[in-house]
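Engineer: Below you'll find the structure I mean.
Number of protein chains: 2
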Amino acid sequence: MRSAAPDPVTVSRRATIKEVAELAGVSRSTASRALTGNGYVAEPVRLRVRQAASELGYVVDAMARSLKQQSTRSIGVLVSDLRNEFYANLAAGASRQATRLGYTVMLIDDQGIPEDEMAAVEAFVAMRVAGVVATTVTAETTRFLLRQRIPVVEVDRRFSDGDCDAVVIDNRGSARAATRHLLELGHRRIALLIDEDDWTTGRERREGYADALEAAGIPHDEELVVPTGWDVDAARHGARAILRGADRPTAVFAANNVLAEGTWRAAAELGLRIPDDLSLVAFDDVPWMSMVTPGVTAVAQDAGAMGRAAVQSLLDRLADPGAGTRTVVLSAALRQRGSTAPPADTAA
Amino acid sequence: MRSAAPDPVTVSRRATIKEVAELAGVSRSTASRALTGNGYVAEPVRLRVRQAASELGYVVDAMARSLKQQSTRSIGVLVSDLRNEFYANLAAGASRQATRLGYTVMLIDDQGIPEDEMAAVEAFVAMRVAGVVATTVTAETTRFLLRQRIPVVEVDRRFSDGDCDAVVIDNRGSARAATRHLLELGHRRIALLIDEDDWTTGRERREGYADALEAAGIPHDEELVVPTGWDVDAARHGARAILRGADRPTAVFAANNVLAEGTWRAAAELGLRIPDDLSLVAFDDVPWMSMVTPGVTAVAQDAGAMGRAAVQSLLDRLADPGAGTRTVVLSAALRQRGSTAPPADTAA
DNA sequence: ATGCTGTGTGGGATCGATGCCACAACGACT
DNA sequence: AGTCGTTGTGGCATCGATCCCACACAGCAT
């Protein structure tokens with residue numbers, strides 16, 4: 002449906018504050034004061050200006066404003082893969098918190114590619130964002146931003162320990178708890194499926210796994226640590242390889258949701274029943290884990306809360322640039338479901 | 002780790018093109034030409050300027066540039082709920098396509114709240130985005146943007162039929178196919194779980210459902226159409242209500258993934274076996290549907306492709322503002338899995 | 001010499017909003 | 001009458017990059 006009469010004002014070019022001022026019969030300065038609320042304006046004049054602005058459909062030009070003020074009310078959010086629910090929830094949390102606090106979000110999905118990541122932060126710098134919240138994949142990224150004097154909050158994993166604020170969870174402790182849960186059920190051959198080691202997340206989860214085994218006096222078996230690629234198929238293949246042997250583990254700890262999905266699919270393909278033939282613990286609880294039968298025991302981290310906390314940290318930093326850097330550690334809980342049970346031999 | 006020696010240049014304020022020009026020993030005009038590639042610059046001069054820029058860590062100020070050029074290279078993307086995989090994939094597709102074509106994305110998650118949506122588009126206007134891709138919840142939103150002369154592409158659902166470009170799928174046809182699939186299996190009492198009717202998506206899916214029943218000569222039974230809220234719990238309650246009765250339907254068509262999740266959970270709670278006691282077809286295929294046992298038969302729409310197509314449409318529009326509006330209809334496929342089977346009485 | 005073309009560079013206005021500063025008008029007080 | 005403070009408004013420079021236009025200079029033909 003087309004609007005009734007083509008308003009002669011709105012069909013023309015976008016209105017500027019100068020036009021608003023003219024229509025209201027005041028100067029640009031006065032119009033600016035009336036609209037922003039900074040400075041003195043007589044009440045009747047303020048109303049006249051407001052009226053004129055709304056008649057013209059005036060919306061401030063954020064470009065011109067930030068140019069003059071040398072600051073913007075937008076923040077950059079950089080994630081590795083929006084299609085992954087973890088990042089999507091993180092981004093949603095960050096976005097909502099930012100909106101709530103009067104900021105807009107420039108979101109970039111860099112697909113975990115270092116070159117794209119660098120291009121992304123250059124775009125952030127060009128846009129003169131007030132700050133950046135990022136799940137980076139290289140240390141270079143944060144360094145670049147800090148050199149440009151743009152505050153950064155690293156989320157989920159750390160690359161620039163101590164140089165910037167961060168929001169993470171206790172990966173090591175949570176991984177230890179997950180592994181201990183399996184040990185307490187009687188498992189002794191526990192495989193760890195993991196995609197990388199370079200990030201703090203992977204390294205710490207691996208350490209937590211090792212901690213628990215060591216505490217239980219179980220010698221470290223390199224064979225049981227399975228490095229795989231980052232996507233479902235790679236995980237599936239990695240899981241098949243370790244689960245196919247006669248001497249297969251009785252339990253698998255999958256270090257993230259994608260690896261858990263791969264393990265789940267591999268087990269199904271091999272006809273392994275969970276938890277009878279195999280126990281499974283995942284890191285990162287996502288919806289399907291509570292929809293399948295049995296449900297998958299998982300370490301639940303609240304990605305939305307991480308996003309919110311990251312934006313909060315960033316704005317705290319903007320409010321007080323001089324303060325020492327802070328790392329916020331959010332808690333994660335082990336949610337026990339049906340995928341973990343005592344191993345077959347002890348149960349029998 | 003702190004960087005070795007605090008570079009005296011980079012610790013100071015951000016470099017401007019004026020400083021680059023001075024370091025290279027040329028005028029601002031020449032520096033601009035050297036960096037943008039618009040206009041004549043002798044090769045050695047170009048190199049000197051480039052060198053100076055990189056020494057100073059110069060990054061163009063997009064604010065100043067857009068102010069002068071009266072246009073930006075960013076587009077607004079508005080979605081209703083990033084935590085929903087459909088929107089997340091849509092946003093990911095849009096974001097990647099935009100990046101590929103040299104645009105940056107301002108992403109806003111308006112939580113499906115009309116007021117937030119209006120605030121979001123005002124922010125887009127203030128940022129002077131080149132265009133907007135949106136899954137709107139009111140017609141007002143698109144109208145406002147068009148009045149500001151900002152091109153809009155509506156995705157997933159339509160509110161402003163004919164006034165702007167759009168990217169959708171054939172909801173009616175797909176719903177018809179899904180329902181027909183159940184009819185062909187022998188179902189006669191097929192419930193439709195649906196959350197709303199105001200959007201084209203809901204309305205068209207309902208029409209498709211009705212089409213199929215009518216074509217099969219089955220009288221319309223208002224009792225079998227269950228309106229619910231938009232979240233999992235509401236869907237679960239709606240599903241329980243219809244599935245608890247003695248005269249329960251033999252199949253459910255859930256009009257989106259959230260409704261399907263609610264139905265799935267409700268069936269589990271009531272001890273109904275799928276597909277023995279109940280067949281289930283979902284609209285919108287998401288990962289859990291292929292992870293559960295049995296898998297859920299679903300209409301699969303490619304949200305990422307929709308996002309890509311929307312951005313493409315938007316840029317086509319920017320290239321040719323005068324062209325007639327276009328609606329791109331993407332295909333959706335019915336993926337048959339184990340959740341659909343002949344009803345118990347005919348099978349027995 | 002004069003004119004002409006092609007190559008290369010710089011001056012300066014411009015985009016829109018802001019905010020400092022100056023100043024006008026007016027009443028109140030010394 | 002003169003001074004002061006209060007209230008209210010406008011002039012103007014400014015932010016950084018762009019790009020139109022003028023102009024300088026070289027080489028070459030008339």
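In the order they appear, the protein sequences are chains A and B.
The opening position of the first sequence corresponds to residue 2 in the numbering used here, with each subsequent residue numbered one higher.
The opening position of the second sequence corresponds to residue 2 in the numbering used here, with each subsequent residue numbered one higher.
Each residue gets a CB set at the ideal place from its N, CA and C atoms; glycine is no exception.
For the alpha helix (DSSP H) that residue 128 of chain B lies in, which residues bound it at each end?
Structural biologist: Locating residue 128 of chain B in the second sequence gives position 127, where the first residue counts as 1. From DSSP, residue 128 of chain B is part of no alpha helix (DSSP H); its letter is neither H nor E.
Engineer: Does the Cβ of residue 94 of chain A have 16 or more other Cβ atoms within 10 Å, making it buried, or fewer, making it exposed?
Structural biologist: Sequence index remark: in the first sequence, residue 94 of chain A carries index 93 (1-based). So residue 94 of chain A counts as buried.
Engineer: So for residue 251 of chain B, helix, strand or coil by DSSP?
Structural biologist: The count along the second sequence starts at 1 and reaches residue 251 of chain B at position 250. Coil.
Engineer: Could you name the residues of the stretch 89–112 of chain A whose beta carbon sits closer than 8 Å to any beta carbon of chain B, in the order they occur along the chain?
Structural biologist: Flagged, chain order: 89, 90, 92, 93, 96, 97, 100, 105, 106, 107, 108, 109, 110, 112.
Engineer: With respect to the beta strand (DSSP E) encompassing residue 142 of chain B, which residues constitute its N-terminal and C-terminal limits?
Structural biologist: Along the second sequence, one-based indexing puts residue 142 of chain B at 141. Premise fails: residue 142 of chain B lies in the alpha helix (DSSP H), 140–148, not in any beta strand (DSSP E).
Engineer: List the residues of chain B that residue 61 of chain A touches, going by C-beta distances under 8 Å, in chain order.
Structural biologist: Counted from its first residue, the first sequence places residue 61 of chain A at position 60. Under the 8 Å cutoff, chain B gives 127.
Engineer: Among A:334, A:309, A:345, whose alpha-carbon lies nearest the alpha-carbon of residue 102 of chain A?
Structural biologist: For the purposes of this step, residue 102 of chain A is taken as the residue at position 101 of the first sequence. Measuring from the Cα of residue 102 of chain A, the nearest candidate turns out to be A:309.
Engineer: Along the chain, where does the beta strand (DSSP E) containing residue 67 of chain A start, and where does it finish?
Structural biologist: Counting from one through the first sequence, the residue named residue 67 of chain A turns up at place 66. That residue, residue 67 of chain A, is in no beta strand (DSSP E); its alpha helix (DSSP H) goes 63–70.
Engineer: What residue range is occupied by the uninterrupted beta strand (DSSP E) comprising residue 228 of chain A?
Structural biologist: Here residue 228 of chain A refers to the residue found at position 227 when the first sequence is read from its first residue. Per DSSP, residue 228 of chain A belongs to the beta strand (DSSP E) from 226–228.
Engineer: Spatial neighbours of residue 237 of chain B within its chain, please: C-beta separation below 7 Å, excluding the five flanking residues on both sides.
Structural biologist: Here residue 237 of chain B is taken as the residue at index 236 of the second sequence, counted from 1. So the qualifying residues of the chain are 263, 266, 267.
Engineer: With a threshold of 8 Å, are at least 3 pairs of Cβ atoms found where one atom belongs to the stretch 184–199 of chain A and the other to the stretch 241–260 of chain A?
Structural biologist: Yes, they touch.
Engineer: Within 9 Å of any Cβ in chain B, is that where the Cβ of residue 343 of chain A sits?
Structural biologist: Taking the first residue of the first sequence as 1, we reach residue 343 of chain A at position 342. So, not an interface residue.
Engineer: Just to confirm my understanding: we take residue 21 of chain B, look at its own chain, exclude 5 residues before and 5 after, and list those with CB closer than 7 Å. What are they?
Structural biologist: Within the second sequence, the letter at position 20 stands for residue 21 of chain B. So the list reads 32, 50, 53, 54, 57, 59, once near-sequence residues are dropped.
Engineer: Among residues of its own chain, excluding the 5 on either side of residue 275 of chain A, which ones have a beta-carbon nearer than 7 Å to its beta-carbon?
Structural biologist: As a working note, residue 275 of chain A is residue 274 in the first sequence. Excluding positions up to five away in sequence, the list reads 268, 281, 295, 340.
Engineer: Got a sec? Which residues, its chain only, sit under 6 Å from residue 348 of chain A by beta carbon, not counting five neighbours each side?
Structural biologist: To locate residue 348 of chain A, count along the first sequence from 1; it is residue 347. In this prediction, residue 348 of chain A scores a pLDDT of 43, lower than 50, which makes its location untrustworthy; the coordinate-derived value is nonetheless stated afterwards. No residues qualify anywhere along the chain.
Engineer: Is residue 269 of chain A close to chain B? Criterion is C-beta to C-beta, closer than 9 Å.
Structural biologist: On the first sequence, position 268 is the one that residue 269 of chain A refers to. Output row for residue 269 of chain A: interface = yes.
Engineer: Can you confirm whether the stretch 281–290 of chain B touches the stretch 119–139 of chain B when touching is taken to mean that 3 or more C-beta pairs between the two stretches lie within less than 8 Å?
Structural biologist: No, they do not touch.
Engineer: Against chain B, which members of the stretch 281–304 of chain A pass a CB distance test of less than 7 Å?
Structural biologist: If the cut-off is 7 Å between Cβ atoms, the stretch 281–304 of chain A has 288, 289, 292, 293, 294 near chain B.
Engineer: Any C-beta of chain A sitting closer than 9 Å to the C-beta of residue 30 of chain B?
Structural biologist: The count along the second sequence starts at 1 and reaches residue 30 of chain B at position 29. Output row for residue 30 of chain B: interface = no.
Engineer: Are any of the Cβ atoms in chain B nearer than 9 Å to that of residue 262 of chain A?
Structural biologist: The residue labelled residue 262 of chain A in the question sits at position 261 within the first sequence. Yes, because at least one Cβ of chain B sits closer than 9 Å to the Cβ of residue 262 of chain A.
Engineer: What is the DSSP secondary structure of residue 166 of chain A, reduced to helix, strand or coil?
Structural biologist: If you number the first sequence from 1, residue 166 of chain A lands on position 165. Of the three classes helix, strand and coil, the one that applies to residue 166 of chain A here is strand, per DSSP.
Engineer: When you compare the stretch 71–81 of chain A with the stretch 115–122 of chain A, are there three or more beta-carbon pairs, one atom per stretch, that lie closer than 8 Å?
Structural biologist: Yes, since at least three Cβ pairs between the stretch 71–81 of chain A and the stretch 115–122 of chain A fall closer than 8 Å, the two stretches touch.
Engineer: Closer than 9 Å, CB to CB, is residue 397 of chain B near chain A or not?
Structural biologist: The question about residue 397 of chain B has no answer here: the residues shown for chain B are numbered 2 through 349.
Engineer: Using a cut-off of 9 Å between C-beta atoms, extract the partners of residue 119 of chain B located in chain A.
Structural biologist: One-based indexing of the second sequence puts residue 119 of chain B at position 118. Under the 9 Å cutoff, chain A gives no residues; its nearest Cβ is about 12 Å from residue 119 of chain B.
Engineer: Which one of B:173, B:199, B:198, B:200 has the shortest CA to CA distance from residue 214 of chain B?
Structural biologist: In the second sequence, counting from the first residue as 1, residue 214 of chain B sits at position 213. It is B:173 whose Cα lies nearest to the Cα of residue 214 of chain B.
Engineer: Could you list the residues in the stretch 39–70 of chain B with a C-beta less than 7 Å from some C-beta on chain A, going in chain order?
Structural biologist: Residues 58, 60, 61, 62, 63, 64, 65, 67, 68.
Engineer: Along the stretch 183–214 of chain B, where does the CB come closer than 7 Å to a CB of chain A? Name the residues.
Structural biologist: Against chain A - using a Cβ distance shorter than 7 Å - the stretch 183–214 of chain B contributes no residues.
Engineer: Using a C-beta to C-beta distance shorter than 9 Å, which residues of chain A count as neighbours of residue 320 of chain B?
Structural biologist: Within the second sequence, numbered from 1, the residue matching residue 320 of chain B stands at position 319. What residue 320 of chain B touches in chain A: nothing, since even the nearest Cβ is about 20 Å away.
Engineer: For the stretch 74–86 of chain B, list every residue whose C-beta sits within 7 Å of some C-beta in chain A, in sequence order.
Structural biologist: Answer set for the stretch 74–86 of chain B: 83, 84, 86.
Engineer: When the cut-off is 9 Å and only beta carbons count, does residue 266 of chain B lie next to chain A?
Structural biologist: As a first step, residue 266 of chain B must be located in the second sequence, where it is residue number 265. So yes, residue 266 of chain B belongs to the interface.
Engineer: Determine, for residue 177 of chain A, whether the minimum Cβ-Cβ distance to residues of chain B falls below 9 Å.
Structural biologist: Against the first sequence, residue 177 of chain A aligns to sequence position 176. So, not an interface residue.
Engineer: Answer with yes or no whether the minimum CB distance from residue 124 of chain B to chain A is below 9 Å.
Structural biologist: Your numbering for residue 124 of chain B matches position 123 in the second sequence. Yes, its Cβ sits closer than 9 Å to a Cβ of chain A.
Engineer: Residue 292 of chain A by DSSP, collapsed to three states: which one?
Structural biologist: Mapped onto the first sequence, residue 292 of chain A falls at position 291. If DSSP states are grouped into helix, strand and coil, residue 292 of chain A belongs with coil.
Engineer: Tell me which residues share the same chain as residue 189 of chain A and place their Cβ nearer than 8 Å to its Cβ, disregarding the 5 neighbours each side in the sequence.
Structural biologist: If you number the first sequence from 1, residue 189 of chain A lands on position 188. Cβ within range, chain order: 219, 251, 344.
Engineer: Please determine, among A:300, A:272, A:337, the residue with the shortest C-alpha to C-alpha distance to residue 87 of chain A.
Structural biologist: Translated into positions along the first sequence, residue 87 of chain A becomes position 86. Selected option, being the one with the closest Cα: A:300.
Engineer: Give a yes or no on whether the minimum CB-CB distance between residue 338 of chain B and chain A is below 9 Å.
Structural biologist: Reading the second sequence from its first residue, position 337 is the one you call residue 338 of chain B. By this cut-off, residue 338 of chain B is not an interface position.
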